[in-house]
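K.L.:
So that we are looking at the same thing, I have put the structure below in structure tokens.
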Amino acid sequence: MDLKLRQPRSRAQMIATEYVDEEVGIVMLSEGVSVKELAEKCNRPAKDVVAKLLHRGIFATINQPLDTELAKEIAREFGYLADIVTFEEDVQISAEENNDVQGEKLPRPPVITIMGHVDHGKTSLLDAIRKTKVAAGEAGGITQHIGAYHVDVKDKNTGLMRQVVFLDTPGHEAFTKMRARGAKVTDIAILVVAADDGVMPQTIESINHAKAADVPLVVAINKIDKPGANPDKVQQGLLQHNVQTEAYGGDVPAVAVSAKTKQGLDELLETLLLVADMKELTAVYDCPAAGSIVEARLDKGRGAVATVLVQQGTLHQGDIFVAGATMGRVRAMFNDLGARITEAGPSNAVQILGFEDVPSSGDNFQIVENENKARTIVGFRQEKAKAAALQKQRVTLENIFSTLKDGLIKELPLIIKADAQGSVESLVGQLEKLSTDKVRVRIIHAAAGTVNENDVLLAEASKAIVIAFNTKAEKKAEELAHEEGVDIRFHDVIYKITEEIEAAMVGLLDATEKETIQGQAEVRQIFKVNKTVIAGSFVTEGKVQKSYKARVKRGEDVIFEGSLKSLKRFKDDVHEVKNGLDCGIALEGFDGLKEGDIIEFFTNEKVIATSLS
Ligand code: GDP
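In this note's numbering, the protein residues as written are 5 to 617.
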């Protein structure tokens, strides 16, 4: 048996290897493994597994998923130690395998989101690009709203046509909602700023959203046709928010455009290709498809329909899939022109019919081998979702301490909303000053205004706490915060905020242990009662309590440290013995006490830091 082919991949397996003799192999099984898969993993014909099951009085078809313990037992009978991986791990492992070895990685089109302040022309720009560019050659083709569309752009260097994919839900709400669900779909964000209006609150929000998601920006300075247009002013405004355009010595491309006259659109698209090239976007085409749900709804006639952005592999009609906590079979696929298609590769957005239920945008989408498997996975996810809903973890100022300890948070992320720009600036200044080399305050977003849904979404996605100074939360935002477990702290005095944040930061510091010596005893005689060694001792200093820790000293050496197994006065168990009295002491896990040993008793206390220094 060639064990080299079966490299241990999980910790459980590594532990398992220690106990495996040469004859036994290791197999990795995913939860809900089918009879056929189990047989393949154990190098046996499926009928052997069916026979083993029959022995147990179980009639199983070859596609039937097996109970985890049962699968392990059968593998064991074939001479294999089985390690069970969860679906998520399984998907992760296959994704990694795809990245590492399986399949050639080839370039893929970039996926773009448009963000910016209301009325700056996001929708107009999307429409203008769509109208001029969608499927050149299919003049007059009516585009369908599927949540995304593809445009063909000529690559100046090669003269070849290349695709760019736009997610057409403008605004950062959709973007953040997807990110909050763990989906990373956008490669580049276009930040639309109206040349006659300049940087506005939602422009800043968009910048912060893109930064938090680590997505590069391309600035589109729109409405350049207008008389009051001033692209320089826009770029100077952006500088104040750390967006340094190329004209101002930075690396963020900015293009002057007009959605109305179509001026600059080609240049904008070419710029997107350049940024995409720098990111070297690639994907494996030749593997089962995986991606994310872009949008989904219930259609009266067609049932649940959803748009999937394929991110790896190629999706085919007839494929069976799992999407979040629902599943289905691809009954039909349509592109953004409403044309029926039968396959879709990476970066393609396609509308799919065949969902059993409506998924949520941002849900992951994954092809699985068969319906049984899909059903098991979905059952498992629904169970998990239920359990998770019960113990949804809120990040609050009170529990951020333990969240940090769990390694989830490395700093204190904050979102600040205040009544006026002046108070925003002063708050940000004061809070940033609190940062020390041990704990850092990270302001993710700060703006004047009420706390809105976007703030809450951003807080959820970034595990941040929202501070509302002299301002309220919109009703919807409050409801969302409640639903998503986001902590909003309302205040009307600045120093109360700094005090509260400082206290939370102190809480983030590790507690230290402080030892206090409580007493000492001298061992005078050793007895053995039912094999337990009891040291007849005399308390020479302080006192001894049953709960104290003990340290045994022999001369200069410390020979044992641990806890007390029993503490007796004569034959009775007691809680405490004071200075000047005899007692019997037995130690937990140490029988080597001798006459003349000194036992020191101490307690450990956790000392929570009380200042940041
Ligand atoms: P959104 O809220 O960002 O999606 O903005 P819209 O696309 O709805 O545009 C807001 C307004 O600006 C509309 O009245 C548009 O007609 C107008 N608009 C958008 N782009 C341009 C442009 O390039 N030039 C001019 N003059 N008006 C524009």
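We put the CB at the ideal spot given by N, CA and C, even for glycine.
None of the values given here were measured: they were computed from a predicted structure.
Whose CA, out of Asp423, Glu457, Val510, lies closest to the CA of alanine 472?
P.N.:
Asp423
K.L.:
So the candidates are Pro205, Met337, Val288, Ile501; which of them puts its Cα closest to the Cα of isoleucine 150?
P.N.:
Met337
K.L.:
Assign tyrosine 580 to one of three DSSP states: helix, strand, or coil.
P.N.:
Sequence check: residue 580 is glutamate here, not tyrosine. Glutamate 580 falls in the strand class under three-state DSSP.
K.L.:
So, under 8 Å CB-CB, serine 427 and asparagine 474 are touching, yes? Tell me the CB distance rounded to an integer number of Å.
P.N.:
6 Å
K.L.:
Would you tell me roughly how many angstroms separate the C-alpha atoms of aspartate 104 and valine 197, rounded to the nearest one?
P.N.:
Confidence in aspartate 104 is poor, its pLDDT being 45 and thus under 50, which makes the residue's placement unreliable; the coordinate value appears in the next sentence. For aspartate 104 and valine 197, the distance between alpha carbons rounds to 40 Å.
K.L.:
Just checking lysine 126 against the ligand GDP - is the residue's beta carbon closer than 7 Å to any of the ligand's heavy atoms?
P.N.:
yes
K.L.:
Tell me the rounded alpha-carbon separation between glutamine 355 and histidine 59.
P.N.:
47 Å
K.L.:
Report back the beta-carbon spacing between alanine 555 and valine 562 to the nearest angstrom; my notes put them in contact at under 8 Å.
P.N.:
It is arginine, not alanine, that sits at residue 555 in the sequence shown. Indeed, because the Cβ distance is near 6 Å, the residues count as touching under 8 Å.
K.L.:
Would you kindly check if the distance between the Cβ of valine 314 and the Cβ of phenylalanine 325 is under 8 Å?
P.N.:
no
K.L.:
For a minimum of 3 consecutive residues, which ranges assigned as the beta strand (DSSP E) are wholly contained in the segment 251-284?
P.N.:
Whole beta strand (DSSP E) segments, 3+ residues: 258-260.
K.L.:
What would DSSP say about valine 372, mapped onto helix, strand or coil?
P.N.:
strand
K.L.:
Report yes or no: do three or more beta-carbon pairs, one from the segment 251-264 and one from the segment 285-301, lie closer than 8 Å?
P.N.:
no
K.L.:
Along the beta strand (DSSP E) that carries leucine 302, what are the first and last residues, could you check?
P.N.:
294-303
K.L.:
Compute the distance between the beta-carbons of threonine 502 and leucine 435, then report whether it is under 8 Å.
P.N.:
yes
K.L.:
Are there three or more Cβ pairs, one per stretch, closer than 8 Å when the segment 432-450 is compared with the segment 487-495?
P.N.:
no
K.L.:
Going by beta-carbon coordinates alone, are glutamine 529 and glycine 540 separated by less than 8 Å?
P.N.:
Cβ distance < 8 Å, so glutamine 529 and glycine 540 count as in contact.
K.L.:
Should valine 1 be listed as close to the ligand GDP, given that the test is whether its C-beta is under 7 Å from any heavy atom?
P.N.:
Since the first and last residues shown for the chain are 5 and 617, residue 1 lies out of range.
K.L.:
Can you confirm whether the segment 204-218 touches the segment 269-277 when touching is taken to mean that 3 or more C-beta pairs between the two stretches lie within less than 8 Å?
P.N.:
no
K.L.:
Taking only the alpha-carbon atoms, compute the straight-line gap between glycine 546 and isoleucine 447 and give it to the nearest angstrom.
P.N.:
Each residue's alpha carbon lies about 52 Å from the other.
K.L.:
Which class does lysine 237 belong to by DSSP, given the choice of helix, strand or coil?
P.N.:
Lysine 237 falls in the helix class under three-state DSSP.
K.L.:
Looking at the strands, I want to know which residues DSSP matches up with phenylalanine 473.
P.N.:
Ala422, His495
K.L.:
Could you spell out where the alpha helix (DSSP H) holding serine 641 opens and where it closes?
P.N.:
Absent from the model: residue 641. The displayed extent of the chain is 5 to 617, so no value can be given.
K.L.:
Just the Cα atoms here: how many angstroms apart are valine 460 and alanine 214?
P.N.:
16 Å
K.L.:
What is the rounded straight-line gap between the Cα of alanine 308 and the Cα of aspartate 367?
P.N.:
Roughly 15 Å between the two C-alpha positions.
K.L.:
Does DSSP put valine 334 in a helix, in a strand, or in coil?
P.N.:
Valine 334 carries a strand assignment under DSSP once its states are collapsed to helix, strand and coil.
K.L.:
Terminal residues of the continuous alpha helix (DSSP H) containing lysine 215?
P.N.:
205-216
K.L.:
Pick helix, strand or coil for aspartate 601, following the three-state DSSP scheme.
P.N.:
coil
K.L.:
Could you tell me which of His124, Ser351, Asn226, His486 sits nearest to isoleucine 192, measuring between CA atoms?
P.N.:
Ser351
K.L.:
Report the option in Gly588, Asn608, His449, Ala507 whose CA atom is closest to the CA atom of lysine 518.
P.N.:
Asn608
K.L.:
Let me check understanding here. Comparing Cα to Cα, which of Leu74, Ala132, Ser430 lies closest to glycine 268?
P.N.:
Per the Cα distances, Ala132.
K.L.:
Should glycine 120 be counted as a contact of the ligand GDP given a C-beta to heavy atom distance under 7 Å?
P.N.:
Yes, Cβ of glycine 120 sits closer than 7 Å to a heavy atom of the ligand GDP.
K.L.:
So glutamate 360 and threonine 330 are supposed to be a Cβ contact under 8 Å. How far apart are they, rounded?
P.N.:
So it is a contact: roughly 5 Å between Cβ atoms.
K.L.:
Distance, Cα to Cα, glutamate 565 vs lysine 582?
P.N.:
21 Å
K.L.:
What does the Cβ neighbour count give for histidine 154, buried or exposed, with the cut at 16 atoms within 10 Å?
P.N.:
buried
K.L.:
Would you give the residue range spanned by the alpha helix (DSSP H) that valine 53 belongs to?
P.N.:
50-59
K.L.:
Is the beta carbon of alanine 64 sitting closer than 8 Å to the one on aspartate 52?
P.N.:
Not closer than 8 Å, so no.
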